[in-house]
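If you number the sequence shown the way the working numbering does, the last residue is 405 and the count never jumps.
For reference, the structure discussed in these notes is given below.
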Amino acid sequence: MLSKAYIPYKGYYSSPFVRWQGSFQNEHAITLATDTAKRWLAQKKWDATMYDYLFLGMTVGQPQWFYGSPWAAALIGAVSTPGMLISQACNTSATCIYQAAIGIETDLYRNVFCLSTDRCSNGPHTVWPNPNGPGGEVLSENWLMDNFNRDPWAQNAMIQTAENVSKESGVTREECDAVALRRYEQYLDAAANDKAFKKRYLFPVEVRVSKKKTVVVEDDEGITPTTKEGLAALKPVLPGGVHTFGAQTHPADGHCAVTVTTRDKAKELSADPKVEIQVVSYGFARAKKGFMAMAVVPAVQMAMEKAGITVKDVKAIKTHNPFAANDIYMAKQLGIDVFGFNNYGSSLVFGHPQAPTAARCIIEGIEEVVMAGGGYMLWGGCAAGDTGAGLVLKIS
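This is the structure in C-alpha cells:
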C-alpha cells in the first residue's frame, strides 16, 4: 500500500479515441501525442520542465521510437528530463502510473509525466533475417495483426482466449449480447447533455492534413450504434462461439497523459485543491495458458487486498474489457452486478489503442468518483500473454 503518490485533480487528459484507419491513421504516435500534450500544458499554464521523469507507454512501434521517452520529453519542452519506455500491451498505462507512484513513494521522483500513446492503424511490418531460409528469404511479421492472432506461448488468437473462458465458466451468447448493449448505453450516458461527462477529460487533437488545413478531432470516432436486434443478427466471430463483432472491441488510435506527484505538489497543481486522488495499490496476475480474461480477477483481488478493502468498499469500477466475457466472468467471481460498473464507457465500445486504454478508463473512473463525492476507484484489465493488472485509487 502506498501513501505518498497523488494525481492532481484534472492533472490528466485523454484524446478522443479514433477507430483505426480514421483521422489519426497517418500520424506518428509520439509526435501527435506530444503535440497534444504541449498544447494541454500551455492551456494549463504549466511548465513542462517541472517534470523530473517521463514514462512513455507504447506498444506499437513507430519510426525512431528507439529514442522514445527522452524524445517525447524534449518535444513537450522538458528538454532536460529523462525517462523510459514501458510496453505491457493493454496494461501499459496502468503500469506507468504505478511505476511513477513507486518512484514518488521512495523519493526517487518528485513529479512524473505518464504519457501513453499508440497507433494501431497502418502498423509496422517487421523483417527479420533468416540466413537458413531458402535463398536467405526473410522472416516477416505484421506487428499488430500477427500478434492479435497468435500468442506464441498459448498458440491461439486473443478472441480464442475469451471463448475458452466462456466455455469453461458457462458464459452464453445472450449474456454477451446483453453486456455489449449495456456498455453502449453507458457510453451514451457520457454523451448526454452535450457530452458533459466526456468534456470533463477529453482534450481535442489537431491533425494537420496539408500546409493550409488542420482538422480538429474533438470526440471519439468510429463508435458503432448498437441495438438488441442488431446484436442478435450478427454471427459469432468463431464457429460455435459466443462473441460477435458487436461483443468485442476494435483497434483504435489515441493517447492519454497522467501526472503523478507528491501530495503537496498535487494540491498546488489541482484544479480543486479540496479533491485528493491517491494512488493506493496495484495488483498483477497470470491465468492459465489461453485464458486471458481470467487474469483480471486475481489481479484486482490482489490490488484490493493490498489496499485493505473489499469490492463492497469500491465506489466505481472500470475495466479494460476487449470481450464481453471479461466483465461477465469478473462479475460472477466477485459477486457483483455486471450491469453496475463501467458507467460512462469502456474499451468494449470506444476502442482499444492498447497503451493508453487503461489510462482513459482510470481517468473516467476518477471523474465518476469525484461526481459521487469521493471513495475508492478500482480498475482492472487483461493483457497479452494471459496477464492481468489492477489498480486502486482513493478519491477524497
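Even for Gly, the Cβ is constructed at its ideal location relative to N, Cα and C.
Judged by beta-carbon spacing, A103 lies beyond the 8 Å limit of T68, meaning their Cβ atoms are not closer than that value. The residue among F350, Y291, T101, I371 with its C-alpha nearest the C-alpha of G317 is Y291. Around the Cβ of Q108, a 10 Å sphere holds 16 or more other Cβ atoms; the residue is buried. Straight-line spacing of the CA atoms in K315 and Q34 works out to 40 Å. Taking C-beta atoms as the reference points, T396 and A302 fail to come closer than 8 Å. The C-alpha of A42 lies about 13 Å from the C-alpha of A83.
For F293, the enclosing beta strand (DSSP E) stretches over residues 286-295. When the alpha-carbon of E238 is set against those of Y338, G255, D346, D155, the nearest one is in G255. Pairwise C-beta distances place the segment 41-60 in contact with the segment 85-93, as three or more of them are shorter than 8 Å. In the DSSP assignment, G77 falls outside any beta strand (DSSP E) and within the unbroken alpha helix (DSSP H) covering 77-85.
For the options Y22, E183, C185, the alpha carbon positioned closest to that of R48 is the one of Y22.
Between A308 and A398 the beta-carbon gap is near 5 Å, inside 8 Å, which marks them as a contact. Per DSSP, the continuous alpha helix (DSSP H) segment holding T45 begins and ends at 38-53. DSSP places S89 outside both helix and strand once states are collapsed to three, so it counts as coil. Annotated three-state conformation of W74 is helix, per DSSP. Counting every other CB atom within 10 Å of its CB across the protein chains shown gives E373 a total of 16 or more, marking it as buried. Here N139 has G145, E146, V147, L148 as same chain residues with Cβ atoms under 8 Å from its own Cβ, once five neighbours each way along the sequence are excluded.
Ranked by Cα distance from K321, the first of T328, G349, D336 is G349. The residues V174, S178, A302, in chain order, have a CB closer than 6 Å to that of Y338 in the same chain once the five nearest residues on each side in sequence are set aside. W388 is bridged by DSSP to K327, L400. Annotation for A308: the continuous alpha helix (DSSP H) segment containing it runs 305-316. By alpha-carbon distance to I95, the top candidate from P365, C370, W388 is P365. Residue pairing for D262: DSSP places it in a beta bridge opposite V27, R128. Distance between N352 and L400, taken at the CA atoms: about 17 Å. Just so you know, the alpha carbons of R209 and P143 end up roughly 57 Å apart. In the displayed model, S149 falls within a strand according to three-state DSSP. Between the segment 150-161 and the segment 126-140, the count of C-beta pairs closer than 8 Å reaches three or more; the two stretches touch. Taking a C-beta distance under 8 Å as the contact criterion, I113 and T271 qualify as a contact pair. The residue among L211, A393, E183 with its C-alpha nearest the C-alpha of S24 is L211. CA-CA distance, Y18 to I286, rounds to 7 Å. Assignment of E230 by DSSP, reduced to helix, strand and coil, places it in the strand class. By the CB criterion at 8 Å, L11 and V289 fall inside the cutoff. At the C-beta level, R128 and D262 come within 8 Å of one another.
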